[in-house]
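Asks: Quick one: the structure is below, and I'll ask about it shortly.
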Amino acid sequence: MLEVVDVSKTFNPGTVNENPVLKGLSLKLTPGDFVTIIGGNGAGKSTLMNIISGVLFPDHGRVYLGTHDVTYMPEYRRARFLGRVFQDPMQGTAGDMEVVENLAMASQRGSLRGLRWNLKAHQFAYFQELLASLDLGLENRLHAKVKLLSGGQRQALTLLMAAMNQPDLLLLDEHTAALDPKTAQKVMQVTQRVVAADQLTTLMITHNMQQAIQYGNRLIMMDSGKVVLDIEGEDKKRLTVEQLLAKFVTASGNALANDRMLLS
Amino acid sequence: MSSFASSLVSGVSQGLLWAIMALGVYITFRLLDIADMTVDGSFTTGGAVTAICMMAGYHPLFAILVATLAGMAAGMITGILTTRMKIPALLSGILTQIGLYTINLRIMGKANIPLTGINSQIENLFNWQLPFNASRTAVALIIGLIFTAVIIALMYLFFGTEIGAAIRATGNNPAMVRALGANTKNTTLFGLMLGNALVAISGGLVAQQQGYSDIGMGTGAIVIGLASIIIGEVLFPKTNFWFRLMGVAFGSIIYRIVITLILRYSPLKSYDLKLFTAVVVALALWLPYLLQQIREHKARRSNIPSRGGV
Ligand SMILES: Nc1ncnc2c1ncn2[C@@H]1O[C@H](COP(=O)(O)OP(=O)(O)O)[C@@H](O)[C@H]1O
Ligand SMILES: [Mg+2]
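The listed protein sequences derive, respectively, from chains A and B.
For the first sequence, position 199 (counting from the first letter as 1) is numbered 199 according to this note's numbering, and the numbering increases by one without interruption.
Every position in the second sequence, counted from 1, becomes a number in this note's numbering once 1000 is added.
In C-alpha cells, the structure reads:
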C-alpha cells in the first residue's frame, strides 16, 4: 500500500542550521494495516508525514502509494489517495464555511471540480447520517459556520472528511494532542470506528504511549530520523507502557524520555 | 428635482457603476484574503480598452466584453507573479499596477480619450433611448442596476459551485484545500482573474457614463472598493453570502452619496476626497482592533487584586 524507501531529508542544508531530520528511513504498510508511530519531539514524525502527503519532497529515496511513484507528485494531486487529520484542529476545515460545505468539498477529493453545485441535495441525508454517527449533535448544525464549533467537534468533522471516499491511506498526526482528555477519548473512539468501518490503512502519530499500544495492529518507534522499533500482532498486544518506555530508552540511548510521553 | 434630490440620484447611479469594481475587490480581499493592488491599474485598463473599442466603431457592449477580457489578463499577470513566481501578493499587485500604467497609455495613445463632444456621434450605452422620456441620470441608474444585479446573481451562483467553493476555501485555509485535492495556485489565479474582470467592467462603464477615459481614473480605486466593502459589512453584519454581496453594492452607493453631498455642501474639493477616503478606510480597518483593546482595557480595570502581592 504505502512504501517509503530509504528516504532522507535535511532542512537548511549547507547552513549553520543544517538539520538532518530523516536519515534513510524505510517503511512498508500492507493494506488494512493500522500503524501507530511514537517517538520523541523532533524525531521526524511530522516530516515523514509531510513527505508522504507531498507537503515536502525528500532529498533522497522514493515514496510509493499502491503502484504509483508519488515521490514528486504535487500535494493536491496525491490528495486523491490520502485522508489527513492534523494536530491543529483549525487546519483541517474552512472556518468561515458551513459544516455541510466542508463535507461537500471533502466528498470531491479525488474528482475534478467543475461547475456543478458544491452542495448537492442527494448528499444531505448521507452527510446528516455521518454527522449523527459522531453523537456530537452536529447533525442539527449542518449550516453552522465551522469556526463556531469546538476543537473536538472540528477534529471529529475533519476525521469524517478525511475518511470520506475511502482513501487508500489515512494519515493522522497527533490529531488528539490539542484536545482535553475527555474529548481526545471521544475523537479516538470515532477514529477507531471510521478506520474499522472501511478497513482503512492508517498511519497514526501519537505522543501517547498508552494510545500507541491500545490502537492498531502494529507499532513503530522513531528516533532521530530512523525506525528503531517495529512490533506487530501478538507481540504488540502484550506490550506494556513500562516495556515501551524501556525500549525507548535503550533505542534512543536517551535516559531522559521526554515528560510528555511519561505522563500520558 | 431639487439639487439635494438630484445629487442623491446621481450618487446612486454612480454608486451602482462603481459597485461592480467593489464586488471585484470583494473577491480578492474577502474571499481570497489578498489586498490586490492590481485594481488601480485594471480599472483604467477597462476604461482605456472600452474607449478605443468605441472609437473604432464597435458596439459599446462589445467594448465592455473586450474590457472584461483585458481585466482578466491583468489579474492573470498578478496571479502568475504570486503563485508561480512566489512574489508576495501585495508586491505582485503593485508591480502589475505600475506596468499597467505604461500599457494603459499605449492602449489609449494619449492620457485622455473624450467620448463626447467631438466624438459625440459614437454609440454610448448611456445615450440609450428609452420608450418613455428618461433623463440621462435615469438611464445611468437603470444601466447600473441591470449590470450590478446580473453580476451579483452570477457571483452568487458561481461561488456556490465546486470551483467557487474551492476559491472561497482557499482564502480561508489553503492547506485544507490542497489536502482535499484542489490546486491552490489555480484557485488563487482564477480568483484574481475574476476580480479584475469585474474591476475592468466597472472601469468601462464609468468611462462611458462620464464620457471620457483617463489615465488617472483608477487611482485610489482599491481604497474606494475597501470603503464600500466595509460600509456594506457595517450595514449587513453576519448575514449570508447573498446579503453580503448586496451589502457591497449598497456600501458603494452610500459611499458615492456621501461623496456627492460632501462636494456639494462642504468646502472640500474633489482632490481632497482621496485623503478623506484613505483616512476613513484606515479608521474602519482599525476599528476591530480598537474594540478588542477597549475590551481588554475594561477587563484589566475590573480585575482588582483581592489581596496584596509582594
Ligand atoms: N519546514 C521545516 N523547515 C525547517 N526545519 C523543520 C521543518 N519542519 C520540521 N523541521 C525540524 O525538523 C525536526 C523534526 O521535526 P518534526 O518532523 O516536526 O518532528 P516530530 O513531529 O517528530 O516532533 C525539528 O527539529 C524541526 O524543527
Ligand atoms: Mg510532529
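Quick reminder that beta carbons are idealized off the backbone N, C-alpha and C, glycines included.
Measuring only the C-alpha atoms, how far is B:V1066 from B:G1204?
Replies: Here residue 1066 of chain B refers to the residue found at position 66 of the second sequence. Here residue 1204 of chain B refers to the residue found at position 204 of the second sequence. Rounded to whole angstroms, B:V1066 to B:G1204 spans 10 Å at the Cα level.
Asks: Please classify A:P31: is it buried, with 16 or more other beta-carbons within 10 angstroms of its beta-carbon, or exposed?
Replies: Along the first sequence, one-based indexing puts residue 31 of chain A at 31. With fewer than 16 other Cβ atoms within 10 Å, it is exposed.
Asks: Alpha carbons only, please: which of B:I1230, B:D1214 and B:F1250 is nearest the one belonging to B:T1044?
Replies: On the second sequence, position 44 is the one that residue 1044 of chain B refers to. Here the closest residue by C-alpha is B:D1214.
Asks: From the DSSP secondary-structure annotation, give me the bridge partner or partners of A:H60.
Replies: Start at 1 with the first residue of the first sequence, and residue 60 of chain A comes out as number 60. Partner(s): A:S8.
Asks: Roughly how many angstroms lie between the CA atoms of A:L119 and A:D135, to the nearest whole one?
Replies: Stepping through the first sequence from its first residue, residue 119 of chain A is reached at position 119. Stepping through the first sequence from its first residue, residue 135 of chain A is reached at position 135. Going from the Cα of A:L119 to the Cα of A:D135 covers about 23 Å.
Asks: Can you give me, in chain order, the residues of the segment 1067 to 1089 of chain B that have a beta carbon less than 7 Å from any beta carbon in chain A?
Replies: Here the close residues number zero.
Asks: Does any C-beta atom of chain B lie closer than 7 Å to the C-beta of A:N17?
Replies: Counted from its first residue, the first sequence places residue 17 of chain A at position 17. No, because no Cβ of chain B sits closer than 7 Å to the Cβ of A:N17.
Asks: Take B:V1049 as the anchor and find which of B:I1224, B:Y1212 and B:L1275 has the nearest alpha-carbon.
Replies: The sequence position of residue 1049 of chain B within the second sequence is 49, counting from 1. Among B:I1224, B:Y1212 and B:L1275, the Cα nearest to that of B:V1049 is on B:Y1212.
Asks: How about A:L160 and A:L130: are their beta carbons less than 7 Å apart?
Replies: Counted from its first residue, the first sequence places residue 160 of chain A at position 160. Counted from its first residue, the first sequence places residue 130 of chain A at position 130. A contact, by the Cβ cut-off of 7 Å.
Asks: Listed from N- to C-terminal order along the chain, which residues in the segment 113 to 124 of chain A have their beta-carbon within a distance smaller than 9 Å of any beta-carbon of chain B?
Replies: The residues in question are R113, G114, L115, R116, W117, N118 and L119.
Asks: Can you check whether the C-beta of A:Y126 is within less than 7 Å of a C-beta belonging to chain B?
Replies: Residue mapping note: residue 126 of chain A aligns to position 126 of the first sequence, counting from 1. Not an interface residue.
Asks: Could you please give the first and the last residue of the uninterrupted alpha helix (DSSP H) stretch that includes B:F1241?
Replies: On the second sequence, position 241 is the one that residue 1241 of chain B refers to. Element bounds for B:F1241: F1241 to Y1265.
Asks: Anything in the segment 1170 to 1181 of chain B with a Cβ closer than 7 Å to a Cβ of chain A? List those residues in chain order, please.
Replies: Residues N1172, N1173, A1175, M1176, R1178, A1179, L1180 and G1181.
Asks: Near ligand 3, which residues have their beta-carbon closer than 5 Å to a heavy atom?
Replies: Inclusion of ligand 3 in the displayed structure is not the case, the ligand content consisting of ligand 1 and ligand 2 alone.
Asks: Verify whether the separation of the beta carbon atoms of A:L22 and A:T47 is less than 7 Å.
Replies: By 1-based counting over the first sequence, the position of residue 22 of chain A is 22. By 1-based counting over the first sequence, the position of residue 47 of chain A is 47. For A:L22 and A:T47, yes; Cβs fall inside 7 Å.
Asks: Would you check if the distance between the CB atom of B:E1123 and the CB atom of A:R113 is smaller than 7 Å?
Replies: Along the second sequence, one-based indexing puts residue 1123 of chain B at 123. Along the first sequence, one-based indexing puts residue 113 of chain A at 113. No, they are not a contact pair.
Asks: Going by C-alpha to C-alpha distance, which of B:Q1210, B:I1143 and B:T1083 sits closest to B:G1117?
Replies: For the purposes of this step, residue 1117 of chain B is identified with residue 117 of the second sequence, where counting begins at 1. The shortest Cα separation from B:G1117 among B:Q1210, B:I1143 and B:T1083 belongs to B:Q1210.
Asks: Quick check: B:L1192 and B:L1023, are their CB atoms within less than 7 Å of each other?
Replies: Locating residue 1192 of chain B in the second sequence gives position 192, counting from the first residue. Locating residue 1023 of chain B in the second sequence gives position 23, counting from the first residue. Against a cut-off of 7 Å, the Cβ pair of B:L1023 and B:L1192 comes out as no contact.
Asks: To which residues does DSSP link B:F1159 through a beta bridge?
Replies: Taking the second sequence and counting its residues from 1, one reaches residue 1159 of chain B at position 159. Paired residues: none, contrary to the question.
Asks: Would you say the segment 70 to 78 of chain A touches the segment 1177 to 1187 of chain B, given that touching needs at least three Cβ pairs under 8 Å?
Replies: In short, these stretches touch, since the Cβ pair count reaches three.
Asks: Under 7 Å Cβ-Cβ, which residues of chain B neighbour A:A79?
Replies: For the purposes of this step, residue 79 of chain A is identified with residue 79 of the first sequence, where counting begins at 1. Those within 7 Å of A:A79 in chain B are R1178, A1179, L1180 and G1181.
Asks: Between the Cα of B:V1223 and those of B:G1247, B:L1245, B:S1252 and B:P1288, spot the shortest distance and give me the residue it belongs to.
Replies: Counting from 1 along the second sequence, the entry for residue 1223 of chain B is found at position 223. When only C-alpha atoms are compared, the closest one is B:S1252.
Asks: Which residues share a DSSP beta bridge with A:H175?
Replies: By 1-based counting over the first sequence, the position of residue 175 of chain A is 175. Answer by DSSP bridge pairing: none, since A:H175 is not bridged.
Asks: Can you give the Cα-Cα distance for B:A1056 and B:K1110, rounded to whole angstroms?
Replies: Taking the first residue of the second sequence as position 1, residue 1056 of chain B is located at position 56. Taking the first residue of the second sequence as position 1, residue 1110 of chain B is located at position 110. Rounded to the nearest angstrom, the two C-alpha atoms are 15 Å apart.
Asks: Of all the CB atoms in chain B, is at least one closer than 7 Å to the CB of A:G152?
Replies: Residue mapping note: residue 152 of chain A aligns to position 152 of the first sequence, counting from 1. It does not: the Cβ of A:G152 has no partner Cβ on chain B nearer than 7 Å.
Asks: Report back the beta-carbon spacing between A:G155 and A:D198 to the nearest angstrom; my notes put them in contact at under 8 Å.
Replies: Sequence index remark: in the first sequence, residue 155 of chain A carries index 155 (1-based). Sequence index remark: in the first sequence, residue 198 of chain A carries index 198 (1-based). The amino acid occupying residue 155 of chain A in the given sequence is Gln; Gly does not appear at that position. The pair is not a contact, with the Cβ atoms about 19 Å apart (cut-off 8 Å).
Asks: Identify which residue in A:V5, A:N102, A:N17 and A:I38 has its Cα closest to the Cα of A:P58.
Replies: Position 58 of the first sequence holds residue 58 of chain A. The shortest Cα separation from A:P58 among A:V5, A:N102, A:N17 and A:I38 belongs to A:V5.
Asks: Note down the Cα distance separating A:H60 from A:G24, rounded to an integer number of angstroms.
Replies: As a first step, residue 60 of chain A must be located in the first sequence, where it is residue number 60. As a first step, residue 24 of chain A must be located in the first sequence, where it is residue number 24. The alpha-carbon atoms of A:H60 and A:G24 are separated by roughly 8 Å.
Asks: Mapping the DSSP letters down to three states, classify B:T1077 as helix, strand or coil.
Replies: Working through the second sequence from its first residue, we reach residue 1077 of chain B at position 77. Note on identity: in this sequence residue 1077 of chain B is Ile, with Thr being the wrong assignment. Of the three classes helix, strand and coil, the one that applies to B:I1077 here is helix, per DSSP.
Asks: Kindly identify the DSSP beta-bridge partner or partners of B:M1176.
Replies: Here residue 1176 of chain B corresponds to residue number 176 of the second sequence, with the count starting at 1. None, per the DSSP bridge assignment.
Asks: Taking the DSSP output, what are the residues bridged to A:R84?
Replies: As a first step, residue 84 of chain A must be located in the first sequence, where it is residue number 84. According to DSSP, A:R84 bridges with A:L171.
Asks: What does A:D96 touch in chain B if you count any residue whose Cβ is under 9 Å from its own?
Replies: Stepping through the first sequence from its first residue, residue 96 of chain A is reached at position 96. Ordered by position in chain B, the residues that pass the 9 Å Cβ test against A:D96 are R1168, A1169, G1171, N1172 and N1173.
Asks: Terminal residues of the continuous alpha helix (DSSP H) containing B:T1102?
Replies: Numbered from 1 along the second sequence, position 102 holds the residue referred to as residue 1102 of chain B. Here the alpha helix (DSSP H) through B:T1102 covers A1089 to M1108.
Asks: Start and end of the alpha helix (DSSP H) containing B:F1029?
Replies: Taking the first residue of the second sequence as position 1, residue 1029 of chain B is located at position 29. First-last for B:F1029: undefined, no H or E at that position.
Asks: What does A:A106 touch in chain B if you count any residue whose Cβ is under 8 Å from its own?
Replies: Counted from its first residue, the first sequence places residue 106 of chain A at position 106. Correct list: L1180.
Asks: Could you tell me whether the Cβ of B:A1165 comes closer than 7 Å to any Cβ of chain A?
Replies: For the purposes of this step, residue 1165 of chain B is taken as residue 165 along the second sequence, with counting starting at 1. Closer than 7 Å to some Cβ of chain A, the Cβ of B:A1165 qualifies, so yes.
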